[in-house]
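Residue numbers (the numbering used here): 72 to 214. All C-beta atoms, glycine included, are put in the ideal place defined by N, C-alpha and C. Okay, structure first, notes after.
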Amino acid sequence: MSTLITIPNKTVTYSEIDEVLNDFIEAKAAYDTVVEKHLINQLTSDSKQDILSTIGAENFKMKYSHTLVLFDDAMSVFNNKQLPLFKRLFKNRQSRITYFLCLQDIIGLDANKVWEQYKNLTKRQALIVQYSNDGTKIKILNS
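Written out as structure tokens, the structure is:
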């Protein structure tokens with residue numbers, strides 16, 4: 072897929088995601104501080120390179136970077152509400168990150184029904200799909 076996407080991208084495993092996201096959010100905060108306070112000339116070349124390589128930028132010309140995080144086969148994210156990753160999805164404050172969770176299952180969903188539920192979500196809600204013998208139910212999870 073990286074050949075189709077011309078923006079910087081990074082692929083990591085679920086076991087690495089907490090550490091990678093922590094480092095990434097920290098580097099984005101450093102980037103924002105450097106840009107907002109015009110500190111580029113005060114950084115060492117190593118510091119510049121560390122920040123830029125972590126967030127996938129080439130320079131400090133972008134005022135604000137926005138990040139897309141795609142979780143492939145993300146059913147495991149919702150298995151345990153105590154997982155740091157699950158909590159992070161609802162505490163995503165001011166980091167300009169949009170999370171996309173790809174849920175893969177053999178049971179099809181009505182796209183119109185899912186879309187109607189999705190478009191009415193607020194910032195601190197998520198769609199939860201529950202399967203049972205009684206049928207598939209889509210619920211809204213409030214944080």
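Is residue j closer than 9 Å to residue i when the C-beta atoms are compared?
{"i": "residue 122", "j": "residue 102", "result": "yes"}
{"i": "residue 173", "j": "residue 197", "result": "no"}
{"i": "residue 99", "j": "residue 91", "result": "no"}
{"i": "residue 156", "j": "residue 211", "result": "no"}
{"i": "residue 200", "j": "residue 193", "result": "no"}
{"i": "residue 209", "j": "residue 188", "result": "yes"}
Span of the alpha helix (DSSP H) holding residue i?
{"i": "residue 92", "result": "88 to 107"}
Would you call residue i buried or exposed, if buried means 16 or more other Cβ atoms sit within 10 Å of its Cβ?
{"i": "residue 75", "result": "exposed"}
{"i": "residue 159", "result": "buried"}
{"i": "residue 83", "result": "exposed"}
{"i": "residue 126", "result": "buried"}
Which two residues bound the contiguous beta strand (DSSP E) that contains residue i?
{"i": "residue 212", "result": "206 to 213"}
{"i": "residue 200", "result": "196 to 203"}
Legend entry - Whole beta strand (DSSP E) elements within the stretch 113 to 192, 3-residue minimum: Within the stretch 113 to 192, the runs of beta strand (DSSP E) at least 3 residues long that lie entirely inside it are, in chain order, 138 to 142 and 168 to 172.
Inset, instruction - Report yes or no: do the stretch 125 to 140 and the stretch 90 to 106 share at least 3 C-beta pairs separated by less than 8 Å? - result: A contact exists between the stretch 125 to 140 and the stretch 90 to 106.
Inset, instruction - Take every Cβ of the stretch 113 to 131, pair it with every Cβ of the stretch 183 to 198, and state whether three or more of those distances are shorter than 8 Å. - result: Fewer than three pairs of CB atoms, one per stretch, sit closer than 8 Å, so the stretch 113 to 131 makes no contact with the stretch 183 to 198.
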